[in-house]
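Have a look at the structure below, then the notes.
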Amino acid sequence: MAQHKAWTFVPSWIVYPLGIAPGIWLFYLAVQNQLGPDPVKALENGLGEYALQFLIAGLAISPLMRFARINLVKYRRALGLVGFFYVVAHFTVYIVLDMQFDWDEIITDIIKRPYITIGVSAFLLLLPLAITSNKLSIRKLGAAGWNKLHWIVYPAVILGAVHYVMIKKTWALEPLLYLAVALFLISLRRFYHLAKRKKRIVA
Amino acid sequence: MTVYKYPTPLSSEITPKEVFLNRRSFIKAAGVASATAMTSGLALQSTQATAASMQFSKSKYSITDEPNPIEDIKGYNNFYEFGTGKGDPSANAGSLTTRPWSIKIDGLTNKPGELDIEDLMSKFDMEERIYRLRCVEAWSMVIPWVGIPLRDVINAYEPQGSAKYVSFETLVRPEEMIGQRGLGGLEWPYVEGLRMDEAMHPLTILAVGIYGEDMPNQNGAPVRLVVPWKYGFKSIKSVVRMSFTENEPPTTWNKLAPNEYGFYSNVNPTVDHPRWSQKAERLVGSGIFAKKRETEMFNGYADEVASLYEGMDLTKFY
Chain A
1090 MAQHKAWTFV PSWIVYPLGI APGIWLFYLA VQNQLGPDPV KALENGLGEY
1140 ALQFLIAGLA ISPLMRFARI NLVKYRRALG LVGFFYVVAH FTVYIVLDMQ
1190 FDWDEIITDI IKRPYITIGV SAFLLLLPLA ITSNKLSIRK LGAAGWNKLH
1240 WIVYPAVILG AVHYVMIKKT WALEPLLYLA VALFLISLRR FYHLAKRKKR
1290 IVA
Chain B
19 MTVYKYPTPL SSEITPKEVF LNRRSFIKAA GVASATAMTS GLALQSTQAT
69 AASMQFSKSK YSITDEPNPI EDIKGYNNFY EFGTGKGDPS ANAGSLTTRP
119 WSIKIDGLTN KPGELDIEDL MSKFDMEERI YRLRCVEAWS MVIPWVGIPL
169 RDVINAYEPQ GSAKYVSFET LVRPEEMIGQ RGLGGLEWPY VEGLRMDEAM
219 HPLTILAVGI YGEDMPNQNG APVRLVVPWK YGFKSIKSVV RMSFTENEPP
269 TTWNKLAPNE YGFYSNVNPT VDHPRWSQKA ERLVGSGIFA KKRETEMFNG
319 YADEVASLYE GMDLTKFY
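First to last, the sequence lines map onto chains A and B.
The first sequence begins at 1090 in our numbering and counts up one residue at a time.
The second sequence begins at 19 in our numbering and counts up one residue at a time.
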């Protein structure tokens, strides 16, 4: 696989500070009351959107390599973990600032409100992936087992996007775009599986 | 009966905002004399609002809570005709032409007609009403409206005995209302309705201003309904038509999702929205660490309006 020079020199750890910076900036603006009249919602929604953006960026890595021959695989773990960081931050804002530790209400919400049930399921699906995003886990699970486990990222991101679509009162364009992009990236997988099979037959 | 035609001025005819604002401050400086001249129709050439200072009295129906600053009220709106984001109306509503304007009043009435906005604002007594606006999305803010009790207007148009409901309609003008172009999720015109006794209740007003100034476009200029014991979406904006009907009129959000938004839509902390709780509300403008407010039955107006719903199952008629 062709590796472009410029990318090989940029270390992958740089994704963490760069990725988290906009979230910290958003939180700073919220504390400074610069996010408009309803800063809790602005912060909560903003963090949720960052989560989707980073997770979807992670999903785009494979197709980029297969179809555009751009190899950014070494940044994928960092993108996924930054995405997960935003999921946690989004959930924390919901519990601490939005629901203000009203556990009765939070539990009712999680059980009774489908979009929250779906959001929490997406979080729970991502949790084992975040925990196993390290070399030791890959070694322990074996490459095949690890890959199988991490396939879960697809349903998790789709659930996350559905969660966003459902919170809107009408069919809003932006959440539908996230869902469409996630579904598109996932559907691409079918194609390169087919391509792989064809190659095997030819060989 | 004359049929009202929507004006479609060329964009070149529309007064630039700077000029309009200068004009307003000039009028204010010139004092009440010129304002009276304006409202009496001497200078109605402009397509923009005319009243520089409103005459209104205080009301016993006002709450004593501190109103939100005007920036909150003008910057955080649900007005899907201008987009679905909270900041969209303030960004997009500048294009709305609010003069000339009239409300067509028809249906089961002995005196159908056109109520001109200038007549509404000059022939009826105006009051300041400081109300809490509780949105169905579980946030609230306090707004000092200026308006006319709806009952005064209804009485002037003599509804017939068979009229049980009043329906309302918002302007449809896609060339000025960007949210009405293409697929917006809602059906236009936005329609709302009240039972006659709700419409005649002294708390219900037709609001024409906020903080003693003309209604900002993004808040439903030049005239909107305000029903303080119901969720905000019942308080229909930029009203162009009011009809007296015998049957319960269709309402926009109810048509979209009948299981989520009922005809009544009274503020009720004991009946949740299917997707979220209505027990508490975020106080808009109070920062990220502010405590939520417990939502009150009928938004705090139980003493005044609970009797309207006596014997009704409010979990069924939500």
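In this text, a Cβ means the ideal position worked out from N, Cα and C, and glycines have one as well.
Quick check: residue i and residue j, are their CB atoms within less than 8 Å of each other?
i, j, result
"residue 189 of chain B", "residue 322 of chain B", "no"
"residue 146 of chain B", "residue 164 of chain B", "yes"
"residue 1231 of chain A", "residue 1144 of chain A", "no"
"residue 172 of chain B", "residue 210 of chain B", "no"
"residue 161 of chain B", "residue 138 of chain B", "no"
"residue 133 of chain B", "residue 223 of chain B", "no"
"residue 114 of chain B", "residue 187 of chain B", "no"
"residue 158 of chain B", "residue 299 of chain B", "yes"
"residue 261 of chain B", "residue 125 of chain B", "yes"
"residue 1218 of chain A", "residue 1242 of chain A", "yes"
"residue 1212 of chain A", "residue 1190 of chain A", "no"
"residue 1196 of chain A", "residue 1188 of chain A", "no"
"residue 295 of chain B", "residue 248 of chain B", "no"
"residue 88 of chain B", "residue 150 of chain B", "no"
"residue 1256 of chain A", "residue 1204 of chain A", "yes"
"residue 197 of chain B", "residue 98 of chain B", "yes"
"residue 1252 of chain A", "residue 1207 of chain A", "yes"
"residue 95 of chain B", "residue 236 of chain B", "yes"
"residue 266 of chain B", "residue 336 of chain B", "no"
"residue 1157 of chain A", "residue 1104 of chain A", "no"
"residue 278 of chain B", "residue 268 of chain B", "no"
"residue 153 of chain B", "residue 250 of chain B", "yes"
"residue 1209 of chain A", "residue 1199 of chain A", "yes"
"residue 1101 of chain A", "residue 1164 of chain A", "yes"
Within the 8 Å Cβ cut-off, does residue i reach chain A?
i, result
"residue 293 of chain B", "yes"
"residue 184 of chain B", "no"
"residue 104 of chain B", "yes"
"residue 157 of chain B", "yes"
"residue 90 of chain B", "yes"
"residue 41 of chain B", "Confidence in residue 41 of chain B is poor, its pLDDT being 48 and thus under 50, which makes the residue's placement unreliable; the coordinate value appears in the next sentence. No - not a single Cβ of chain A is within 8 Å of the one on residue 41 of chain B."
"residue 58 of chain B", "Low per-residue confidence applies at residue 58 of chain B: pLDDT is 45, beneath 50, and the placement is therefore not dependable, though the value from the model is reported in the following sentence. Not closer than 8 Å to any Cβ of chain A, the Cβ of residue 58 of chain B fails to qualify, so no."
Kindly indicate if chain B contains any beta-carbon less than 8 Å away from that of residue i.
i, result
"residue 1202 of chain A", "yes"
"residue 1259 of chain A", "yes"
"residue 1189 of chain A", "yes"
"residue 1265 of chain A", "no"
"residue 1138 of chain A", "no"
"residue 1209 of chain A", "no"
"residue 1134 of chain A", "no"
"residue 1110 of chain A", "no"
"residue 1186 of chain A", "yes"
"residue 1175 of chain A", "no"
Taking Cβ-Cβ distances shorter than 9 Å, what residues in chain B pair up with residue i?
i, result
"residue 1037 of chain A", "Since the first residue shown for chain A is 1090 and the last is 1292, residue 1037 of chain A is missing from the structure and cannot be characterised."
"residue 1236 of chain A", "Within chain B, no residue comes near residue 1236 of chain A; the closest Cβ sits about 36 Å away, beyond 9 Å."
Determine the chain A residues that contact residue i at a beta-carbon separation under 7 Å, and present them in chain order.
i, result
"residue 302 of chain B", "1126, 1127"
"residue 204 of chain B", "1259"
So which residues on chain B does residue i lean against when the C-beta distance must stay under 7 Å?
i, result
"residue 1141 of chain A", "Near residue 1141 of chain A there are no residues of chain B at all, since even the closest Cβ is about 17 Å away, more than 7 Å."
"residue 1119 of chain A", "306"
What does residue i reach in chain B if we use C-beta pairs closer than 8 Å?
i, result
"residue 1122 of chain A", "305, 306"
Kindly say whether residue i, judged by its beta-carbon, lies nearer than 8 Å to any beta-carbon of chain C.
i, result
"residue 255 of chain B", "Chain labels in this structure do not include chain C; the protein chains are A and B."
Can you pull the chain A residues whose beta carbon is under 9 Å from the beta carbon of residue i, in chain order?
i, result
"residue 274 of chain B", "1258, 1259"
Counting only Cβ pairs nearer than 8 Å, list the residues of chain A close to residue i.
i, result
"residue 309 of chain B", "1189"
"residue 93 of chain B", "1125, 1126"
What runs of the alpha helix (DSSP H), each 4 residues or longer, lie entirely inside the region 1159 to 1185 of chain A?
-> 1165 to 1182
Which parts of the region 1120 to 1161 of chain A are runs of the beta strand (DSSP E), unbroken and 3 residues or longer, counting only runs that do not cross its ends?
-> none
Pair every Cβ in the region 88 to 102 of chain B with every Cβ in the region 203 to 211 of chain B, then say whether three or more of these pairs are closer than 8 Å.
-> yes
Output the residue ranges of the beta strand (DSSP E) runs that lie fully inside the region 195 to 266 of chain B and measure 3 residues or longer, sorted by chain position.
-> 209 to 213, 223 to 228, 242 to 244, 257 to 263
Is it a yes or a no for the region 217 to 232 of chain B touching the region 141 to 159 of chain B, going by three-plus beta-carbon pairs under 8 Å?
-> yes
Below 8 Å, can you find three or more Cβ-Cβ pairs linking the region 1253 to 1262 of chain A to the region 1216 to 1236 of chain A?
-> no
Which runs of the alpha helix (DSSP H), 4 residues or longer, sit entirely within the region 1191 to 1252 of chain A?
-> 1192 to 1201, 1203 to 1220, 1224 to 1239
Evaluate the contact criterion for the region 230 to 241 of chain B versus the region 69 to 89 of chain B: three or more CB pairs, one atom per stretch, below 8 Å.
-> yes
The region 302 to 310 of chain B touching the region 281 to 292 of chain B, judged by at least three CB pairs closer than 8 Å = no
Taking three-plus beta-carbon pairs below 8 Å as touching, is the region 1140 to 1155 of chain A in contact with the region 1171 to 1184 of chain A?
-> yes
How about the region 1150 to 1160 of chain A and the region 1110 to 1119 of chain A: do they share at least three Cβ pairs that are nearer than 8 Å?
-> no
Any alpha helix (DSSP H) of 4 or more consecutive residues that is wholly inside the region 84 to 147 of chain B = 88 to 93, 106 to 110, 135 to 141
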